[in-house]
Amino acid sequence: MSEQAITQAEIDAVFPKVAQVVADALGCELDEVTPKASLIADLDAESIDFLDLVFRLEKGFGVKIPRGKIVEDARGPLPEAEFERKGVVTEAGLARLREFLSEVPADRIKTPLKAGDVPRLFTTETFCKVVIRAQRAAAA
Amino acid sequence: MGHDAAAPRSMAIDSGLAGKVALISGGSRGIGRSVVELFAADGVDVVFFYRDNAAAAQEVVHGVQTAGGKCQALQVDVTDAAAVAAAVDQVVESRGRIDVLVNNAGIVRDNLLGMLEDEDIRVVLDTNVGGVFNLTRAVSRHMISKRSGRIVNLSSVAAGKGGRGQSNYAASKGAIEAFTRAMAVELASRKITVNCVAPGVIETEMSQAVRDLADEQIKARILLRRYGQAQDVAHAVWFLASRFADYITGEVLHVDGGFKME
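Quick mapping for you: the protein sequence lines, in order, are chains H and G. Under this note's numbering, the first sequence has 85 at position 101, and the numbering climbs by one with no breaks. Under this note's numbering, the second sequence has 776 at position 242, and the numbering climbs by one with no breaks.
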């Protein structure tokens, strides 16, 4: 899976609206929603909030974001057995995450990382990229 | 204050339901119809799904509208997830929200297990369980965004008390009670309550065959020695949807004349 790199200009274009949607979904102040803010660790999001957030992004941007798509994309071309072992992300998996989640400060992607904790890494910028990919998919 | 569902503006106590939007599945007949009529009488903007009896559905809509209530019927098969999602989106589009969901649609295909066809098992589980999953998934995402909502599921006395020839139906209703508790946990942080009403033997078309078959035997198991009326169940659903049930979630409210005690 090779995708055309997402540019900073593309991210800047969607960020204000994504940040507003995040603030609305999580009930937090807009100025707390920085590009690098982890939604779970910094903004106290729960898993159910991701559901709401994706729903609001779909409505706000007029795009479709299939269920499970973000985690599936994060794993990329790696088969599940190579991405994680016994629920813990492998070295190969971590390397893939550092590449795919390039917006996440590298020191947050470290072993041991439980596969179920991957969403803890997601930042506001992660969702900007989700929207951009969905917009590209819709345009294709 | 009358006991009759069609006694619209006589309710002196404010249930908090006036102006709310409710979606009710299986609203053209039986218990569902009573819920539609009671909610509409309390000022709720009601949308209900029906499967195939358009004439009955139109009769309900006409009756409610003639009494000054708000009501719309949509033909939707609850086992069709895509159709359910589209219909729910349509309701939200036109009304802005859904405050109350009543998962009422259900069917029976009674027979001894050894006599049940695969289809009898599948269709009961698909409708009574699958339909509830489809509707709740489609509606709850809107409720999550609004951070409020009421979900009331129709179970049955059969979920707790064994009934000969009802293995498929009993299993489906047991699943609904378990589903209710799980959803109560999942949705509590978004201020959405999820409860069940478990009717006993109610005088509706659906229970006609059972009542014909074992009338005295059944009544002997009911403490109050009579069958329930659809309105008895509707009042329980109304209560759980009202502000009086603000602090109740994950519960099963039995409306069975004491059947479960015997």
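The beta carbon of each residue, even a glycine, is placed where N, CA and C say it ideally should be. Quantities reported herein were computed from a predicted structural model and do not represent experimental measurements.
- Taking a Cβ-Cβ threshold of 7 Å, the residues of chain H close to residue 724 of chain G are 32, in chain order.
- In terms of Cα proximity to residue 54 of chain H, the closest of H:71, H:68, H:44 and H:35 is H:35.
- For residue 612 of chain G, there is no enclosing alpha helix (DSSP H), as DSSP gives it neither H nor E.
- By the beta-carbon neighbour count (other beta carbons within 10 angstroms, threshold 16), residue 109 of chain H is buried.
- DSSP places residue 597 of chain G in no beta strand (DSSP E) but in the uninterrupted alpha helix (DSSP H) bounded by 588 to 600.
- At least one CB of chain H lies nearer than 8 Å to the CB of residue 678 of chain G.
- Within the region 77 to 88 of chain H, not one residue has a Cβ closer than 8 Å to any Cβ of chain G.
- Around the beta-carbon of residue 719 of chain G, fewer than 16 other beta-carbon atoms lie within 10 Å, marking it exposed.
- Nearest to residue 723 of chain G by alpha-carbon distance, out of H:-3, H:31, H:5 and H:12, is H:31.
- For residue 112 of chain H, the three-state secondary structure derived from DSSP is helix.
- The beta-carbon separation of residue 74 of chain H and residue 88 of chain H, rounded to 18 Å, does not stay under the 8 Å limit for a contact.
- Neighbours of residue 684 of chain G in chain H, taken as residues at a C-beta separation under 7 Å, are lacking, since the least C-beta distance is about 17 Å.
- Between the beta-carbon of residue 568 of chain G and that of residue 777 of chain G there is about 21 Å, and that puts the pair past the 8 Å contact cut.
- Distance from the CA atom of residue -7 of chain H to the CA atom of residue 19 of chain H, rounded to whole angstroms, is 13 Å.
- Across the structure, residue 635 of chain G and residue 770 of chain G are spaced so that their CA atoms are roughly 14 Å apart.
- The beta-carbon distance between residue 559 of chain G and residue 638 of chain G, rounded to whole angstroms, is 5 Å. This is short enough to meet the 8 Å contact definition.
- Sequence-ordered contacts of the region 52 to 81 of chain H with chain G are nonexistent [C-beta pairs closer than 9 Å].
- Just measuring C-alpha positions, the residue of H:47, H:97 and H:2 sitting nearest residue 70 of chain H is H:97.
- Beta bridge pairing from DSSP links residue 584 of chain G with G:609.
- Against chain H, the beta carbon of residue 675 of chain G has neighbours under 7 Å at 35 and 39, listed in chain order.
- H:76 is the residue among H:121, H:76 and H:39 whose C-alpha sits nearest the C-alpha of residue 99 of chain H.
- According to DSSP, residue 788 of chain G shares a beta bridge with G:732.
- Comparing alpha carbon positions, the residue from H:43, H:120 and H:102 closest to residue 22 of chain H is H:102.
- The bridge partners DSSP lists for residue 555 of chain G are G:579.
- Going by C-alpha positions, residue 704 of chain G is about 47 Å away from residue 119 of chain H.
- Annotation: the continuous alpha helix (DSSP H) that includes residue 710 of chain G extends over 701 to 721.
- Contact between residue 745 of chain G and residue 39 of chain H does not hold, since their C-beta atoms are separated by about 45 Å, which reaches or exceeds 8 Å.
- Contact between residue 708 of chain G and residue 693 of chain G holds: CB atoms are separated by about 5 Å, below the 8 Å threshold.
- In the three-state DSSP reduction, residue 685 of chain G falls in the strand class (E or B).
- For the 8 Å CB-CB criterion, residue 658 of chain G and residue 628 of chain G do not form a contact.
- The three-state secondary structure of residue 41 of chain H, taken from DSSP, is helix.
- With respect to the 8 Å criterion, residue 764 of chain G and residue 727 of chain G are not classified as neighbours on the basis of their beta carbons.
- When the Cα atoms are used, residue 572 of chain G and residue 51 of chain H turn out to be separated by approximately 37 Å.
- Annotated three-state conformation of residue 92 of chain H is helix, per DSSP.
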